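Each step along the sequence shown adds one to the number in full-length UniProt numbering, with nothing skipped, and position 52 is 52.
Built from N, CA and C at the ideal position, the CB exists for glycine as well.
It should be emphasised that the depicted structure is a prediction, and the values quoted were computed from it without experimental measurement.
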Amino acid sequence: MMAYIVVAALLIGDVLAREVVGIPILGSQSIAVLGAIVAGFVGLSLATASGSHLRPAVFDGLVPSSLDRYVDRGSDLIAAAFYLAIAVFAVRFVLESMSAGDRAAVLYFPLWPIQMVMPYAFLSCAIRHAAYAMEPALKVHHEAAA
Numbered sequence: 001m002m003a004y005i006v007v008a009a010l011l012i013g014d015v016l017a018r019e020v021v022g023i024p025i026l027g028s029q030s031i032a033v034l035g036a037i038v039a040g041f042v043g044l045s046l047a048t049a050s051g052s053h054l055r056p057a058v059f060d061g062l063v064p065s066s067l068d069r070y071v072d073r074g075s076d077l078i079a080a081a082f083y084l085a086i087a088v089f090a091v092r093f094v095l096e097s098m099s100a101g102d103r104a105a106v107l108y109f110p111l112w113p114i115q116m117v118m119p120y121a122f123l124s125c126a127i128r129h130a131a132y133a134m135e136p137a138l139k140v141h142h143e144a145a146a
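What follows is the structure, given as structure tokens:
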């Protein structure tokens, strides 16, 4: 939420500076875009933690309810494997960006520290789903508290 507040403040400040003073705030749009990206990836972690992430419901009801606990564990294992695979690619992406010396437009700071939110988000989701697969009670207690 804080990232979205910063994004909104930067964009509102930039518009006001342009309209009132006639001079934009240098780099505010670039920082706002990066802030929105960070908020999105942190939001992914929060959504999977609370069970409010998007999931396909097309297969609901195909398996008898007596097998629900196995389906839940299996789906958490699949999700953990998926997020782990994406985390590996995210790490490779950040390492490539670091070695290439990618920098933000206008302000020219290195992008890789901000990009680290990607491996973090995917890896935290992978660990969470692996824990849910090993101990489903964690999922139930966490969702009940949310």
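Pair within 8 Å by beta-carbon distance, L16 and I31: The residue given as residue 16 occupies position 16 in the sequence shown. The residue given as residue 31 occupies position 31 in the sequence shown. It is not a contact, given that the beta carbons lie outside the stated cut-off.
Could you pull out every residue in the same chain whose Cβ sits closer than 6 Å to the Cβ of A104, ignoring the five residues on either side in sequence? Residue 104 sits at position 104 when you count from the first residue of the sequence shown. Correct list, in chain order: S30, L111.
Quick one, are the C-beta atoms of P119 and A87 less than 8 Å apart? By one-based count along the sequence shown, residue 119 stands at place 119. By one-based count along the sequence shown, residue 87 stands at place 87. Yes; because the gap between Cβ atoms is below 8 Å, this pair is in contact.
Between the Cα of L34 and the Cα atoms of L62, I23, A3, which residue gives the shortest distance? Position 34 of the sequence shown holds residue 34. Checked all of L62, I23, A3; the closest Cα to L34 is A3.
Local conformation of P136 per DSSP, three classes: To locate residue 136, count along the sequence shown from 1; it is residue 136. Correct three-state label for P136: helix.
Given a cut-off of 8 Å on the beta-carbon distance, is the pair Y26 and V106 in contact? Position 26 of the sequence shown holds residue 26. Position 106 of the sequence shown holds residue 106. A small fix is needed here, since residue 26 is Leu in this sequence, not Tyr. It is a contact, given that the beta carbons lie within the stated cut-off.
Closest residue to V117 among V38, G51, R69 (Cα-Cα distance): Position 117 of the sequence shown, counting from 1, holds the residue named residue 117. Of the candidates V38, G51, R69, the one whose C-alpha sits nearest the C-alpha of V117 is V38.
Grab me the residues of Y132's own chain with a C-beta within less than 7 Å of its C-beta, minus the 5 sequence neighbours each way, in chain order. Along the sequence shown, read from residue 1 onward, the residue named residue 132 stands at position 132. Cβ neighbours of Y132 beyond the five flanking positions: D76, L138, K139.
Sequence-distant residues of its chain with Cβ nearer than 8 Å to I23 (five each side left out): Residue mapping note: residue 23 aligns to position 23 of the sequence shown, counting from 1. The residues are A17.
DSSP state of P24 mapped onto helix, strand, coil: Here residue 24 is taken as the residue at index 24 of the sequence shown, counted from 1. Coil at P24, not helix or strand.
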